[in-house]
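Okay, structure first, notes after.
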DNA sequence: CCAACTGTACTAAACATATAGTACAATAGG
DNA sequence: CCTATTGTACTATATGTTTAGTACAGTTGG
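Protein chains in written order, with our numbering: chain A, 1221 to 1354; chain B, 1221 to 1354.
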């Protein structure tokens, strides 16, 4: 059946991050953001292969890693399903999400590119760390 | 001489990013943030080795990559020096930096951990992309 | 039962990354 | 000139990542 997948993977070939790691991260993010819930089915190994043009072994490695973390469970013949969720973002955090999105829009409007924004985020995190040590 | 280095590298062993890539990124960030300027000297290969306990070859690879990008120049017997800068953050962007730092503080106060914050940033970026395509 | 789907297992090879160890050449300071 | 510093070059090795290819076993729907 032409069932729409809950999750679409996107690879960044320039990020330097291993592919299997990008897949793991994106599933964890989907759990955080409430896109995936316990019982939901992940895209099949072969679907992912078609979608992002990588080797089945790499997808399997990512799913195996997620299984090892207790987040999903693979069932031969059926698919891979979410087992538990992660401390997620509730409606209480909607305001935060909106503020951040607004900030990003301002940054783009100011002509900052992705790397410049990354630099700002990194600096902000450092400031936060310094704050915590006092 | 006990000269303080302009730049201190910090490695994240769990990030999945190759070490040499982390070094490259941090130098580029320092250029963006105005921490490094043309003519400035990078920490010597052997200094970095002592600081973060990695192999000299790895440091050299990072510096070679930066040289290939035209950002620095290695001079045998003297050191490695910044050649040009990158489109940086001027005082016009101070307001943006402050807003972001404030946002991060709010997020921490709301009990969000690093991964949850990463998820929020990722979602915000996706929203921004969707916006651009209209 | 059969066909089509699922996850899983395995070997082999290629490539990327990081290490260890040694050595050499250029520069600066005494 | 001598010495300590710098970047650079090279081989070899280990580990991690990805690919190719083949095969098998469980599940579902007709």
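Each residue gets a CB set at the ideal place from its N, CA and C atoms; glycine is no exception.
Counting only beta-carbon atoms, is residue i nearer than 8 Å to chain A?
i: residue 1291 of chain B; result: no
i: residue 1307 of chain B; result: yes
i: residue 1282 of chain B; result: no
i: residue 1347 of chain B; result: yes
i: residue 1357 of chain B; result: Lying before the first or after the last residue shown, residue 1357 of chain B is absent from chain B, which here runs from 1221 to 1354.
i: residue 1234 of chain B; result: no
i: residue 1319 of chain B; result: yes
i: residue 1228 of chain B; result: no
i: residue 1381 of chain B; result: As displayed, chain B neither begins before 1221 nor continues past 1354, which places residue 1381 of chain B out of reach and without an answer.
i: residue 1238 of chain B; result: yes
i: residue 1231 of chain B; result: no
i: residue 1296 of chain B; result: no
Can you tell me whether DSSP reads residue i as helix, strand or coil?
i: residue 1310 of chain B; result: coil
i: residue 1270 of chain A; result: helix
i: residue 1221 of chain A; result: In this prediction, residue 1221 of chain A has a pLDDT of 46, which is less than 50 and means its spatial position is unreliable; nothing more can be read from the coordinates.
i: residue 1242 of chain A; result: helix
i: residue 1317 of chain B; result: helix
i: residue 1289 of chain B; result: coil
Do we get a CB-CB distance below 8 Å when we pair residue i with the residues of chain B?
i: residue 1261 of chain A; result: no
i: residue 1343 of chain A; result: yes
i: residue 1335 of chain A; result: yes
i: residue 1241 of chain A; result: yes
i: residue 1360 of chain A; result: Since the first and last residues shown for chain A are 1221 and 1354, residue 1360 of chain A lies out of range.
i: residue 1286 of chain A; result: no
Can you tell me where the beta strand (DSSP E) with residue i in it begins and where it stops?
i: residue 1295 of chain B; result: 1292–1295
i: residue 1299 of chain A; result: 1299–1302
Suppose the cutoff is 6 Å on Cβ atoms and the five residues either side in sequence are ignored; what does the same chain contact list for residue i look like?
i: residue 1301 of chain B; result: 1261, 1293
i: residue 1251 of chain B; result: 1305, 1306
i: residue 1308 of chain A; result: 1252, 1254
i: residue 1232 of chain A; result: none
i: residue 1225 of chain B; result: 1263
i: residue 1311 of chain B; result: none
i: residue 1222 of chain A; result: Here residue 1222 of chain A scores only 47 on pLDDT, less than 50, and its place in the model should not be relied on; the value that follows carries that caveat. Correct list: empty, nothing qualifies.
i: residue 1240 of chain B; result: 1278, 1281, 1282
Which two residues bound the contiguous alpha helix (DSSP H) that contains residue i?
i: residue 1337 of chain A; result: 1334–1352
Could you name the residues of the same chain whose beta carbon sits closer than 8 Å to that of residue i, not counting the 5 residues immediately before and after it, in chain order?
i: residue 1268 of chain A; result: 1229, 1243, 1274, 1279
i: residue 1296 of chain A; result: none
i: residue 1266 of chain B; result: 1276
(request) Taking only beta carbons into account, state which residues of the region 1246–1278 of chain A come closer than 8 Å to chain B, listed in chain order. (result) Per Cβ criterion, the list reads 1248, 1249, 1252, 1253.
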